[in-house]
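Enquirer: Take this structure first; my questions come after.
In the numbering used here, the protein residues as written are 101 to 195.
The following block contains the structure:
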């Protein structure tokens, strides 16, 4: 049996913008996949500097940011607020 790693932080309330939900539906992908990857430290397509910022945010309680691409190459962002009250999936142009 494969053990899942323990989540690195709490997501809080999980939400998604209309644009992100439309893109996910178009690609037949679930937001849960990306929430899971995000909370387990799979920051996906971040540069090393942004990865270090996320690692520091785990210690300092700052905002955590991930970037992913859907099957059709649509870019989505996942952002957890510094106070861990909410995590949002959105398209970059919706920021």
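Backbone N, C-alpha and C fix where the C-beta goes; we use that ideal spot for every residue, glycine too. All values derive from a computational prediction rather than experimental measurement.
1. Thinking residue 170 and residue 110 are a contact (beta carbons under 8 Å), I'd like their distance in whole angstroms, please.
2. Just reading off the alpha helix (DSSP H) that residue 120 is part of, what are its end residues?
3. According to DSSP, simplified to helix, strand and coil, what is residue 166?
4. Using the three-state DSSP reduction, which class does residue 144 fall into: helix, strand or coil?
5. Less than 8 Å between C-beta atoms, sequence neighbours within five positions excluded: which residues of the same chain meet that for residue 184?
Expert: On the basis of the data shown:
1. If you number the chain shown from 1, residue 170 lands on position 70. If you number the chain shown from 1, residue 110 lands on position 10. Not really, about 25 Å apart at Cβ, beyond 8 Å.
2. Counting from 1 along the chain shown, the entry for residue 120 is found at position 20. Segment 118-126, the alpha helix (DSSP H) holding residue 120.
3. By one-based count along the chain shown, residue 166 stands at place 66. DSSP places residue 166 in strand when its eight states are reduced to three.
4. One-based indexing of the chain shown puts residue 144 at position 44. If DSSP states are grouped into helix, strand and coil, residue 144 belongs with the strands.
5. In the chain shown, the residue the question calls residue 184 occupies position 84. Around residue 184: 109, 110, 111, 112, 161.
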